[in-house]
Each structure stands twice: as C-alpha cells, then as structure tokens.
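J.: Using full-length UniProt numbering, read the sequence shown as starting at 1 and increasing by one per residue.
We put the beta carbon where it would ideally sit given N, CA and C, even for glycine.
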Amino acid sequence: MNSKEHCSKELLDHLRFYLDLYDQYSKEFEARPLRNQLMNTESTDEVRALLDRYNATVDNH
C-alpha cells in the first residue's frame, strides 16, 4: 500500500467516525431541519456557513 492509498483510507475512516458521531448527536436533539440543509450543501464552505448560522440561533435560545 502506498502512502496515497493509506491517506485515503485514513480519511475515509475519519469520515465514517464523524458520521457515527453525527448520528449519535442527532438523536439527542431535533436535527431533521439541519440535517436536510446539510445534505443539500455542495461544499465544505457551505457547511461551515450553515453551521455558523445554526450556532447563532442556538446561542440565542
């Protein structure tokens, strides 16, 4: 296995780990609207902006 394959596998493993965390966390609060919006994003910049907006609304409650 070359280093590029190793890095790809590690990145995919990390992604799976964070997806598992998201699944666990989303069960703890009503995340359906946020989840739907996240699934419609097309870039990590969009995800970050969405999370910033979501965070601002959570901080105000």
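1. If the criterion is Cβ atoms closer than 9 Å, does the pair Arg-35 and Ser-43 meet it?
2. Nearest-angstrom Cα distance between Glu-46 and Asp-13?
3. Residues in the same chain with beta-carbon distance under 8 Å from Gln-24, minus the five sequence neighbours each way, listed in chain order, please.
4. How many Å lie between Arg-16 and Glu-10 at the Cα?
5. Among residues of its own chain, excluding the 5 on either side of Tyr-54, which ones have a beta-carbon nearer than 6 Å to its beta-carbon?
T.: So, to answer that:
1. The residue you call residue 35 lines up with position 35 of the sequence shown. The residue you call residue 43 lines up with position 43 of the sequence shown. Not closer than 9 Å, so no.
2. On the sequence shown, residue 46 is found 46 positions in, with the first residue counted as 1. On the sequence shown, residue 13 is found 13 positions in, with the first residue counted as 1. Roughly 23 Å between the two C-alpha positions.
3. In the sequence shown, residue 24 corresponds to position 24, counting from 1. Excluding sequence neighbours, Gln-24 sits near nothing in its chain.
4. As a first step, residue 16 is located in the sequence shown; it is residue number 16 there, counting from the start. As a first step, residue 10 is located in the sequence shown; it is residue number 10 there, counting from the start. Those two C-alpha atoms are separated by around 10 Å.
5. The sequence position of residue 54 within the sequence shown is 54, counting from 1. Once the five neighbours on either side are set aside, the close Cβ partners of Tyr-54 are Leu-34.
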